[in-house]
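**Q** One structure follows; several queries about it will come next.
Number of protein chains: 2
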Amino acid sequence: MKIEEIIKSTVSLDDAKKVILNIVYTQNVISDRFNELLKPYDLSSEQFNVLRILRGQKGNPANMCVIQERMVTKNSNTTRLIDKLLLKGLVTREVCPENRRKIEVLITEKGLNLLTELDPKVLEHEKSLASNLNQEEIILLNTLLEKYRTL
Amino acid sequence: MKIEEIIKSTVSLDDAKKVILNIVYTQNVISDRFNELLKPYDLSSEQFNVLRILRGQKGNPANMCVIQERMVTKNSNTTRLIDKLLLKGLVTREVCPENRRKIEVLITEKGLNLLTELDPKVLEHEKSLASNLNQEEIILLNTLLEKYRTL
DNA sequence: CTACAAATTTTGTTACAACAATAATGAAGA
DNA sequence: TCTTCATTATTGTTGTAACAAAATTTGTAG
């Protein structure tokens, strides 16, 4: 469905404007579907994102700074995000002994198991969204988006 | 900058995953810049969006349903959004006489003037974002995004 | 060794999003 | 007319986002 129909625009839109609407709207579609996927697990997409960053650390602890800079959507209060994960027993949090300003966050077995359970569903989500584009088009889309946001 | 560098990923990512990250991240870039633009005017992007919908009505009032379905990002509580615009004197709100369940929202002179003031800045924002792509690439990007989100 | 600046995280506050529950009105049928 | 259902909008509640201010620890210049 074209973006003009979606927002029921009566006038035809400039292409530069359309790109913005298309990106914003497509992001909403992605998020909505992803939140739907996560809902049964009582996990927000941000929380999931942090868990995956922690798994990517392969046993090394991550401090708040590291987590923040690896998040797609930078979130000013990582502390409270970690609080939630702590409550669910999905991560541990300890003061770093070398530098007591820092905090070491680690994913727990329970967190790892949850991710393992989610992995196939997330993969399916990613593949299903991209299923209307062939490999070449996907690569092209990546290139264009990267080029688009370069200032 | 490539999306892998941005999220400081150590492993190389699948293209289907990269598309998602690219769309989400690009949307963040767009929003951040747009909010920056609106900040001096004490207007949120949602509020701006509603004002533009109202101007698009060309004098005809819009009720809540109409506003909602034309918003790019559907927002469950349009009522409170309109409340804010009312407080600033940018819109009027009245009960529809034909059907008293409905509400007629209209943009005021003040609202129209604000939009007129913003128009060139918004245009500049749109053009500047798209400035790294030529016309052909922009159209291609629109096509690919539309195709991408089709289920 | 003290004082001051930088780095890192936490907390407070305000506003907004999501979702369900409620209210108000209208429409249609027994 | 009365009941019931559908439509439209508002409100309540809970959680989260944004942003600034504060707190804690470290490094360093005098």
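Listed in order, the protein sequences are those of chains A and B. 1 is the number of the first residue of the first sequence in the UniProt record's numbering; add one for each residue after it. 1 is the number of the first residue of the second sequence in the UniProt record's numbering; add one for each residue after it. C-beta: ideal position from N, C-alpha, C; glycine also.
What does B:LEU86 reach in chain A if we use C-beta pairs closer than 9 Å?
**A** In the second sequence, the residue the question calls residue 86 of chain B occupies position 86. Chain A residues near B:LEU86: none, gap ~23 Å exceeds 9 Å.
**Q** Our contact map puts B:THR78 next to B:MET64 with C-beta atoms below 8 Å; I'd like the distance itself, whole angstroms only.
**A** Indexing the second sequence from 1 puts residue 78 of chain B at position 78. Indexing the second sequence from 1 puts residue 64 of chain B at position 64. Confirmed, about 5 Å.
**Q** Would you mind telling me which residues of chain A sit closer than 8 Å to B:GLY56, beta carbon to beta carbon, in chain order?
**A** To locate residue 56 of chain B, count along the second sequence from 1; it is residue 56. Near B:GLY56 (Cβ distances below 8 Å), the residues of chain A are SER9, THR10, VAL11.
**Q** With three or more beta-carbon pairs closer than 8 Å as the criterion, would you say the stretch 127–144 of chain B touches the stretch 120–127 of chain A?
**A** no
**Q** Compare the C-beta of B:GLN68 against all C-beta atoms of chain A and say whether one is closer than 7 Å.
**A** Along the second sequence, one-based indexing puts residue 68 of chain B at 68. Not closer than 7 Å to any Cβ of chain A, the Cβ of B:GLN68 fails to qualify, so no.
**Q** Cα separation between A:LEU90 and A:ILE107?
**A** If you number the first sequence from 1, residue 90 of chain A lands on position 90. If you number the first sequence from 1, residue 107 of chain A lands on position 107. Cα to Cα, the separation comes out at about 6 Å.
**Q** By DSSP, does B:ARG93 sit in helix, in strand, or in coil?
**A** What you label residue 93 of chain B is simply residue 93 of the second sequence in a count that begins at 1. B:ARG93 falls in the strand class under three-state DSSP.
**Q** Under 7 Å between beta-carbons, which chain B residues line up against A:LYS17? List them in chain order, please.
**A** Numbered from its first residue, the first sequence carries residue 17 of chain A at position 17. Per Cβ cutoff of 7 Å: GLU126.
**Q** Identify whether B:GLU137 lies in helix, strand or coil by the three-state DSSP scheme.
**A** On the second sequence, position 137 is the one that residue 137 of chain B refers to. Reduced to three states, the DSSP call for B:GLU137 is helix.
**Q** State yes or no: is the C-beta of A:LEU87 within less than 7 Å of the C-beta of A:ARG93?
**A** The residue labelled residue 87 of chain A in the question sits at position 87 within the first sequence. The residue labelled residue 93 of chain A in the question sits at position 93 within the first sequence. Judged by beta-carbon spacing, A:ARG93 lies beyond the 7 Å limit of A:LEU87, meaning their Cβ atoms are not closer than that value.
**Q** Could you tell me whether the Cβ of B:ILE107 comes closer than 7 Å to any Cβ of chain A?
**A** In the second sequence, counting from the first residue as 1, residue 107 of chain B sits at position 107. B:ILE107 does not count as touching chain A.
**Q** Buried or exposed for A:GLY111, going by 16 or more other Cβ atoms inside 10 Å?
**A** Working through the first sequence from its first residue, we reach residue 111 of chain A at position 111. Flag for A:GLY111 reads buried.
**Q** Just how far apart, CA to CA, sit B:ASN113 and A:ILE82?
**A** Here the question's residue 113 of chain B lines up with position 113 in the second sequence. Here the question's residue 82 of chain A lines up with position 82 in the first sequence. B:ASN113 and A:ILE82: Cα-Cα distance of roughly 45 Å.
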